[in-house]
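Residue numbers (the working numbering): 114 to 551.
Positions of the beta carbon are idealized from the N, C-alpha and C atoms, including for glycine.
None of the values given here were measured: they were computed from a predicted structure.
Report on the structure given below.
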Amino acid sequence: MRRVRPLAAAVLMLVSCKRCEDLPEAGRDASEAATSSAARPIAITDAAVAAEVAPADAGAVPDASAAEFDPYGDAGLSSSCRVVYGPAEQPFRGPAALSVVGHELRLVANDAGRPRVYPVAIGPVPPKNARPVVPPRPSSFIGMRWPPCELAGRFAYCQGPGGPIVRTVLAGDEHGSRAAIGSSKTIAKSRSGTRIAAASLGPDHSVVAFLDVRRTTEGEMLQAFVALDEREPVRLSDDGAGATTLRFLPRGETPVAVYLDTRTAMVPIHARPLSLREDDLVLGTDAVVFVGGAPERGIDFAVAPVGGTRGFAFVPMPRETIEFGMATLPIEEPPKDDVPAVWSDYPNGIDPAPIAATPARDGKSAWIARVRPRASAPGVPRILELGRVDAAGVFTSYGEIASGNRVTDVALVEDGSGALWVLYGDPTVTWLERRVCP
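So this is what it looks like as structure tokens:
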């Protein structure tokens, strides 16, 4: 790993967040309740397997009603992106990956290591004076695991109880017809409860990256590994570097693995391209694109391409001694060391700071959904804010779309009509919206 300059490291050790407010850690697993007959998900297992008992460390799924957690429960909400669908409470509790296939939105949740697909039909964008479509509330719910499944072409990768990574085929045509049941295979073992990432590598291959503990000369260390298709994993993180969370930046046949090496006093952010050579996985040069200051314990990030071979990493973290914000970091081709960050300040610190990103249809910007405090005063509501980052890395806010202290998971995707689907919630309730932005 490239060495951090001593002076820079000394300065970074002083960085901390002003009045950072801790968001209580929600349990990452919710146990399985009775499956909703109204939801009729597409289970990528047979019905008998889908009724498995939930993880042993999970509690019961609370029947959180809209009255208990109202995404519009604060008069301060204001967004220029109008709602055309929802907010619709989902028949599952927990996170999910989003995918648009033809005229269908697919919510792919992690059902104990197996993908469970909830389809939603995508209709035309209604006129401005039309009321939002709000489906009835489900009569029962099922708990899903964290981390969410990761999608890579026709494959879904899901982490099961105890850390196994299961690769499942998700078959279906481009018009969004019902997904077919595919085969599943356990291909690797990861540290349970840590994030995984997946990406397509050309038309016929896919990779999954994950974290696991290895003993080193410095003691036990969490490191990153990557597996091509169903082959043996190889180490992804650079020599001497650890890894605490990771994502894949899609980039044609050469996706870029981006990972954080969270330490006590700093957060090196790495980027490493992957490619194929005669069907063998090739790891490119590992670049330390940025070194952030003292991390928050729940630090996470998102990535999105913004046209051609360029992309961004979006990392909410401390900026200076008393400032906090979203650092937008360019991931070039090839990735470069020590790139400048474009900052979008938050009113105050927040930990964790959930964030999601997806490329925009214009091919030169990205949509962002992020949780932040509404104002700088302690105890103010946390909001879910929707915005857009342009090709220069500048963030423009489109306002807040939900409020409350419970949003711990967020995902979004743009459909073929240019409307945004936003999924958000926590292990006790999950909401879905479709919004049209100017």
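Query                                                                                                                                                                    : Result
Who are G538's beta bridge partners in DSSP?                                                                                                                             : D522, T543
Within the same chain, show all residues whose beta-carbon is closer than 6 Å to that of S296, passing over the 5 residues directly before and after it, in chain order. : V282
Can you check which of these residues, G365, H318, A356, is closest to R344 by C-alpha distance?                                                                         : H318
Kindly give me the distance between the Cβ atoms of P467 and D413, rounded to whole angstroms, as I take these residues to be in contact under 8 Å.                      : 7 Å
Can you tell me whether M257 is helix, strand or coil according to DSSP?                                                                                                 : coil
Between the alpha carbons of V174 and G512, how many angstroms are there, rounded?                                                                                       : Confidence in V174 is poor, its pLDDT being 47 and thus under 50, which makes the residue's placement too unreliable to answer from.
Would you please state the rounded distance, in angstroms, between the beta carbons of R360 and V371? I believe it to be under 8 Å.                                      : 5 Å
Can you give me the C-alpha to C-alpha distance between F437 and D392, rounded to a whole angstrom?                                                                      : 43 Å
Give the secondary structure of E202 by DSSP, where H, G and I count as helix, E and B as strand, and everything else as coil.                                           : strand
Note down the Cα distance separating G256 from P453, rounded to an integer number of angstroms.                                                                          : 41 Å
Can you give me the C-alpha to C-alpha distance between G424 and P232, rounded to a whole angstrom?                                                                      : 29 Å
From A167 to R385, what distance separates their C-alpha atoms?                                                                                                          : Its pLDDT being 34, under 50, A167 is placed unreliably by the model, and the measurement read from it follows with that caveat. Approximately 36 Å, taken between the alpha carbons.
Taking 8 Å as the threshold, find out whether the region 402-422 comes into contact with the region 342-356 through three or more Cβ pairs.                              : no
Figure out for me which residue from S478, I444, V428 has the closest Cα to the Cα of S457.                                                                              : V428
Given a cut-off of 8 Å, decide if G199 and V230 are closer than it, judged by their beta-carbon atoms.                                                                   : no
Just to confirm the assignment, what range does the beta strand (DSSP E) spanning Y570 have?                                                                             : With the chain represented from 114 up to 551, any question about residue 570 goes unanswered, as that position is not in the structure.
May I ask you to list the residues that DSSP assigns as paired with R390?                                                                                                : D393
Look at the alpha carbon of V326 and the alpha carbon of T375, and state the distance between them as a whole number of angstroms.                                       : 14 Å
Alpha carbon to alpha carbon, how far is S290 from A284?                                                                                                                 : Note that S290 has pLDDT 47, beneath the 50 cutoff, so the model's placement of it is unreliable and no number is given.
Use the C-beta contact count for N223: other C-beta atoms within 10 angstroms, 16 or more gives buried, fewer gives exposed.                                             : buried
Specify, as a first and last residue, the run of the beta strand (DSSP E) that V326 falls within.                                                                        : 319-329
Would you kindly check if the distance between the Cβ of G406 and the Cβ of P431 is under 8 Å?                                                                           : yes
Have a look at the DSSP bridge pairing and note the partners of D503.                                                                                                    : Paired residue(s): none; D503 is not in a bridge.
Mind checking which residues open and close the beta strand (DSSP E) that includes V416?                                                                                 : 415-418
Provide the residue span of the beta strand (DSSP E) that contains N461, from first to last.                                                                             : Per DSSP, N461 belongs to no beta strand (DSSP E) and is neither H nor E.
Using the Cβ count rule (16 or more neighbours within 10 Å means buried), how would you classify P491?                                                                   : exposed
Quick one: residues in its chain with C-beta nearer than 6 Å to the C-beta of P261, no 5 flanking neighbours on either side, listed in chain order?                      : P208, A209, A210, N223
What does the alpha-carbon distance come out to for the pair Y270 and R219?                                                                                              : 15 Å
Just verifying my parser: in three-state terms, what is the DSSP assignment at S212?                                                                                     : strand
Could you tell me the distance, in whole angstroms, from the CA atom of G538 to the CA atom of W259?                                                                     : 12 Å
Buried or exposed: where does I382 fall if 16 or more other Cβ atoms within 10 Å of its Cβ makes it buried?                                                              : buried
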